[in-house]
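K.L.:
Following this note's numbering, the numbering of the sequence shown begins with 26 at its first residue and continues without gaps. Idealized CB from N, CA, C, for every residue including glycine. As the structure is a computational prediction, the values presented were derived from the model and not from experiment. The structure follows.
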Amino acid sequence: MAVLKVIKYGHPTLRKVAAPYTQDEVDEKFIDDMLDTMYTEDGVGLAAPQVNVSKRLIVCSDRENEFVIFNPKIIAHSESVKADLEGCLSLPGLHANVERYDKVIVTGVDASWQNIEVTATGLLAVVFQHEIDHLNGTLYIDRADLTTLAWTDAVTVDPARREQPATVEIVQQIFRQQYHTNADVLVFEKNLI
Ligand code: NI
């Protein structure tokens, strides 16, 4: 297994709509690497576009169960929503309040290429919505109440960041300097490519 590099906000792949998987494209090593990366980074979910693979695969863990789902789709959801703090491995050191459905039903195909259907509530429901958004080029900050966007207490946050407000513009500036010094193309907004 190997820990893959997680790309950061501004990388164009995060804004693409990912392509569906076919069975012959399933690669067990890649699944293991995705899981390894999620656990090593202390995440509860990871979508393939976050490791620069623009394909429809998510892995999630609610600490009790682990899910590997190809071509996941939300087929039903509750009417009720709940707002809670969310973060993302592609936006390290930040969090914001996001409204999500309380309950979702997700279908897809598992690692053995069997159809599955999962009913999720609580944290798992949030994780599914967040990760499936990644497959459509959507990030949580697109849905967040941006007045709640703030730097977290994560040790990875450069103390110099804290002196600046966590507005989207400043986050973009900081990410440009911190993660994308040599990038030719940066895409911060959705639907530009
Ligand atoms: Ni994320």
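For Pro97, name the three-state secondary structure that DSSP assigns.
P.N.:
strand
K.L.:
If we ignore side chains and look at the alpha-carbon of each, how far apart do Lys98 and Ala175 end up?
P.N.:
30 Å
K.L.:
Taking buried to mean at least 16 other C-beta atoms within 10 Å of its own C-beta, is Leu121 buried or exposed?
P.N.:
Strictly speaking, residue 121 in this sequence is Ala, with Leu absent from that position. Burial call: buried.
K.L.:
Could you check if Leu221 is buried or exposed, using at least 16 other CB atoms within 10 Å of its CB as the buried criterion?
P.N.:
Only positions 26 to 218 of the chain appear in this structure, which leaves residue 221 out of reach.
K.L.:
How should Thr144 be labelled, buried or exposed, when 16 other C-beta atoms within 10 angstroms of its C-beta is the threshold for buried?
P.N.:
exposed
K.L.:
Just to confirm before moving on: does the CB-CB distance between Lys215 and Arg81 stay below 7 Å?
P.N.:
No. Outside cutoff.
K.L.:
Got a sec, what are the start and stop residues for the beta strand (DSSP E) Lys30 sits in?
P.N.:
For Lys30, no beta strand (DSSP E) segment is defined, and its DSSP state is neither H nor E.
K.L.:
Leaving out five residues on either side along the sequence, give the residues of the same chain with a beta carbon under 7 Å from the beta carbon of Ile157.
P.N.:
So the qualifying residues of the chain are Ile83, Pro97, Ile99.
K.L.:
Report yes if the C-beta of Cys113 is less than 6 Å from at least one heavy atom of ligand 1; otherwise report no.
P.N.:
yes
K.L.:
Would you list the one or two residues that DSSP bridges to Ala44?
P.N.:
Lys80
K.L.:
Which whole-angstrom value describes the C-beta separation of Val106 and Ser86, a residue pair presumed to lie in contact below a C-beta threshold of 8 Å?
P.N.:
Not a contact, Cβ separation roughly 23 Å.
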